[in-house]
Structures are given as structure tokens and as C-alpha cells.
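*Asks:* Let me begin by handing over the structure; questions about it come next.
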């Protein structure tokens, strides 16, 4: 098509001017070659920055790079799906009250939470998404996503649980801003998982201290019944269910 023809013409012109063979490997090698030179401030700094920017653009728009990135994220999503679901189940155990209903601090404390954890749960609005359907989340306005539901100081369990609830496609998102918000969640979780795999994730990001002193008096029967109810209602997303009942 026209777009591909223009891109091919552009690539050919770039190759001629940069002496580039068109491969992803050689473009990435050029970036590695330029980076050390950026440390030395001299008269050619602006020219080097312009070259680096050009090579970065070439890499990011290369079909092999796009395929590699697509495969990377596909594998990562598959590897973490079960872990994200387990985190979701754990969070429902910790919060056996529907946050989409009007909930006060005393309501959470009566369920066995410490005040510290209860305050955290009420302060972090993103936890409300644990009790929404994907269909409901997909309809949230972009401004609300960035002003109300941005992840702030979440630990990896909390982040996994919320990411598990997010839809892959959003309604009314012609410019892709809602999807960019989702990718912000994903990229943050990706960095957490990399650090966790390397043993470099901070203890506070493994599990927030608010959970360490949680009272054990939360009724197991209430918690298990609540989780079953939420799971069942999650399965009803295709029936246009938007909220959950409080158990």
C-alpha cells in the first residue's frame, strides 16, 4: 500500500545517507557505538545527539524490532497470567468488602483490617478496579484514569492484581491514550518482575508494610464466600454487569 511504499522509499534514502544495510542488528550496533561518545562534551555533541535520535527511530520502527517486542510481551503476559490471578485472589482475601459500595474506615476495621491497612485501601482508588468488570473499566474516561487510578506506590502483589483486571481494549479511545495508561501499568509491573527475578526488588515493593500487621480475625468463611461471588460476577462481564454486590 501507499504507506508501506513511502516507508520503503524512506528506508532506502536513509540507507544511502547512513551507509546502513537495513538490518536491525547493524542499527542497534550503531547505537551502542554512539552511546560512549555522548559522554564526552564537545563541539559535535548536537550532531551526535541528532545521529543517535535517528538511529533510535530506525530501530523502533524496524519490522524485526516490532516483531521482537510483540513476542517479548506475549511471552511475558503468558508467564505472568497465573501469578497475576493469584495476586488478585490474595487481594480479595485482604479486602473482603466491595469498594464500589460506600465503605467507611470502620467497615474495613470490623472485617479484621488494621487501621493502617484500611487507610491504605481507602486512599488508593485503583483498588476499586478489583471490584469492576473489564467492561466497566474500559468505559472510564481518560482523565479519570490518569487523575484517579494511576498506580502510586503499589507493591508487586497489588500491581499484579489490578493489572489482571484491566481490559486489553478500551471504549472511546481513538487516540490510544487509554491504552497508553494501561501500558504504563504494564511497564511498571514489568520492571518490578525483572527486579524480582534478579533479587533486587525492595522489600516494601514485595509487600507493603501495611499487610504485615494485618489482624488474622478476618473471617475465612466471609473471605472465601466473597471471592466466589466476585469471581462469578467477573464471569458475567459479557452480560453487561458493571458492579458487584456486597457480601
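Numbering (the working numbering), first residue to last: 119 to 365.
Glycine residues also receive a C-beta, built at the ideal position from the N, C-alpha and C atoms.
Quick one: Cα of residue 204 to Cα of residue 221, how far?
*Replies:* 25 Å
*Asks:* Tell me where the alpha helix (DSSP H) around residue 279 begins and ends.
*Replies:* 274 to 283
*Asks:* Which runs of the alpha helix (DSSP H), 4 residues or longer, sit entirely within the segment 139 to 164?
*Replies:* 142 to 152
*Asks:* Helix, strand or coil for residue 288? Go by DSSP, reduced to three states.
*Replies:* Assigned with DSSP and collapsed to three states, residue 288 falls in coil, not helix or strand.
*Asks:* To the nearest angstrom, how far is it from the Cα of residue 233 to the Cα of residue 330?
*Replies:* 12 Å
*Asks:* Considering just the uninterrupted stretch of the alpha helix (DSSP H) at residue 321, what are its terminal residues?
*Replies:* 321 to 324
*Asks:* Using beta-carbon positions only, say whether residue 236 and residue 269 come within less than 9 Å of one another.
*Replies:* no
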